[in-house]
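Q: Just so we're aligned, residue 10 is where the sequence shown starts under our numbering, counting upward by one.
Sharing a structure below in structure tokens format, with a few things to ask.
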Amino acid sequence: ISIILDETSDIGRLEQVSFCLRYLNDGTTKESFIGFHTTSSTDGESLYKLVKSVFQETDLTLKDMVRECFDGAANMNGVHSGLATRMKETSPLAVYVHCYGHLLNLALQDTMTHVEVLRNALGTVQSPYNFIEASPKRHTMFMNIKLDDGSSPMTTLKSQSKTRWSCHWEAVKAVEKLPRIISTLLLLLNER
10 ISIILDETSD IGRLEQVSFC LRYLNDGTTK ESFIGFHTTS STDGESLYKL VKSVFQETDL
70 TLKDMVRECF DGAANMNGVH SGLATRMKET SPLAVYVHCY GHLLNLALQD TMTHVEVLRN
130 ALGTVQSPYN FIEASPKRHT MFMNIKLDDG SSPMTTLKSQ SKTRWSCHWE AVKAVEKLPR
190 IISTLLLLLN ER
């Protein structure tokens with residue numbers, strides 16, 4: 010059995026851990042999403058207790074675990090009190106693997122911040138969000154703009170995440186509504 014964990018906060022600002030299992034079934038590798046589990050803390054000890062709890066709920070044994078896959082944060086991979094270190098005590102055969110998806114995300118983030126053309130383009134995409142969404146008044150103006158082209162209303166502009174490269178694409182797609190952004194800026198200019 011292998012575990013795949015990642016922590017995130019939900020829209021209600023509650024800390025959650027996504028929990029997946031990877032295992033062999035009749036010679037075929039399977040992956041199952043077990044669920045999101047709310048936690049009050051994401052330190053290594055709390056995560057270890059959470060993993061133990063999930064294993065007990067699913068009638069699995071920790072000593073059968075052979076691989077752990079998560080990001081390289083200290084709470085996950087820390088030498089002294091990270092989850093991987095704690096897991097070694099009950100799962101001595103378990104090997105920690107830094108999540109390749111997370112490594113790809115880090116590489117893309119690094120590329121986007123060090124390649125000047127990308128950094129400037131993404132900065133330009135972020136500017137309308139920073140300006141319009143920073144003010145309830147400007148946000149309301151933006152949302153109330155009716156366009157003659159019959160385009161559907163957009164709920165909001167999107168911000169770029171500092172840690173998730175895929176959020177950059179969502180922000181770029183949101184700026185496709187350029188006529189709405191321009192109309193909002195013109196209204197603001199005329200309000201002075």
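The C-beta atom is built at its ideal place from N, Cα and C for all residues, glycine as well.
Quick one: using the 10 Å Cβ neighbour count with 16 as the cut-off for buried, is Glu40 buried or exposed?
A: The residue in question, Glu40, is exposed, as its Cβ has fewer than 16 Cβ neighbours within 10 Å.
Q: For the 8 angstroms Cβ check, are there 3 or more pairs between the stretch 102-112 and the stretch 76-84?
A: Touching, yes, given that three or more Cβ pairs across the two stretches are closer than 8 angstroms.
Q: How many angstroms separate the CA atom of Val184 from the CA atom of Glu125?
A: In a straight line, the C-alpha of Val184 is about 20 angstroms away from that of Glu125.
Q: Where do the N-terminal and C-terminal ends of the alpha helix (DSSP H) with Gln169 fall, by residue?
A: Element bounds for Gln169: n/a, residue is neither H nor E.
Q: With a floor of 4 residues, list each alpha helix (DSSP H) that falls wholly inside the stretch 32-68, ordered by position along the chain.
A: Taking only runs of at least 4 residues, the alpha helix (DSSP H) segments lying wholly in the stretch 32-68 are 53-66.
Q: Give a yes or no on whether the C-beta atoms belonging to Ser100 and Leu69 are separated by under 8 angstroms.
A: No, these two residues do not count as a Cβ contact at 8 angstroms.
Q: Using three-state DSSP, classify Ile190 as helix, strand or coil.
A: If DSSP states are grouped into helix, strand and coil, Ile190 belongs with the helices.
Q: Over what stretch of residues does the alpha helix (DSSP H) that includes Ala113 continue unbroken?
A: Residue identity differs from the one stated: residue 113 is Leu in this sequence, not Ala. It spans Tyr109 to His123 - the alpha helix (DSSP H) in which Leu113 sits, taken as one unbroken run.
Q: Can you tell me which residues form a DSSP beta bridge with Asp80?
A: DSSP output for Asp80 lists no bridge partner at all.
Q: Would you mind giving the Cβ-Cβ distance between Arg31 and Ser11, rounded to the nearest angstrom? I have them listed as a contact below 8 angstroms.
A: Sure, about 4 angstroms apart at Cβ, within 8 angstroms.
Q: With distances taken Cα to Cα, identify the nearest neighbour of Glu54 among Asn84, Val26 and Phe64.
A: Here the closest residue by C-alpha is Asn84.
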